[in-house]
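Residue numbers for the sequence shown follow UniProt numbering, beginning at 1 and rising by one.
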Amino acid sequence: MDLNIGGTVVASACQVDNTSVSQVVDFGQLRSTDLKEAGSATEWAPFTVKLINCPSTTHSAKVTLTGTPYSDGPDLYGNSETAKNIAAQIALDNDKTVVIANGSSVTVMVDAKHSVVYNFVARLYSVNGNTSSGTFSSIVQMGFTYN
């Protein structure tokens with residue numbers, strides 16, 4: 001008789017801080033004429049995602065961003081509403097030159113308080129110019145893995 005015992009040991013999960021759950025980055029009312037040139041964009045709007053109560057055995061947390069990509073660019077998130085020729089971009093607050101594309105990940109070390117803080121920024125971006133009036137909405141989900 002043989003007995004085969006197996007399994008996988010994984011790092012324990014951190015908790016998503018209540019202030020980080022289901023956030024809205026609201027750009028308010030914009031004028032389409034401000035986004036009429038291809039490559040024009042709104043100012044970057046900051047938002048923070050915080051993980052808390054990370055186990056002492058967890059050293060880092062990797063977040064992967066996924067959403068509906070814009071058809072003309074992998075680093076753009078598409079609009080599910082009525083405005084045309086406009087997309088969303090997300091970057092790290094400390095390096096806005098690196099836009100986080102759909103399916104990309106960012107890893108941050110767990111701090112001494114057993115927390116992880118991701119400081120992001122987002123903006124609306126005119127892809128082809130001549131952004132039409134209408135509404136904008138793009139949902140980006142964040143999945144976490146731990147090490």
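Ideal placement from N, C-alpha and C gives every residue a C-beta, glycine not left out.
Model, not experiment: these values are computed from the prediction.
Measure the CB-CB distance between residue i and residue j and report whether it falls below 7 angstroms.
{"i": "Phe144", "j": "Ala61", "result": "yes"}
{"i": "Leu65", "j": "Val140", "result": "yes"}
{"i": "Ala122", "j": "Ala83", "result": "no"}
{"i": "Ser71", "j": "Ser137", "result": "no"}
{"i": "Thr131", "j": "Asn94", "result": "no"}
{"i": "Val110", "j": "Val63", "result": "no"}
{"i": "Met101", "j": "Asp75", "result": "Before going on, a small fix: residue 101 reads as Ala here, not Met. In contact: Ala101 and Asp75 (Cβ atoms closer than 7 angstroms)."}
{"i": "His59", "j": "Asn119", "result": "no"}
{"i": "Ser32", "j": "Ser133", "result": "yes"}
Can you say whether residue i is buried or exposed, counting buried as having 16 or more other CB atoms within 10 angstroms of its CB?
{"i": "Val21", "result": "exposed"}
{"i": "Ser12", "result": "exposed"}
{"i": "Gly28", "result": "exposed"}
My assumption, with CB atoms under 8 angstroms, is that residue i sits in contact with residue j. Please give the rounded CB distance.
{"i": "Gln15", "j": "Phe47", "result": "So it is not a contact: roughly 18 angstroms between Cβ atoms."}
{"i": "Ser126", "j": "Ala45", "result": "With a Cβ gap of about 16 angstroms, Ser126 and Ala45 do not count as contacting."}
{"i": "Lys50", "j": "Asp17", "result": "4 angstroms"}
Please specify which runs of the alpha helix (DSSP H), each continuous and at least 4 residues long, are wholly inside the UniProt domain "Fimbrial-type adhesion" (4 to 146), giving them in chain order. none
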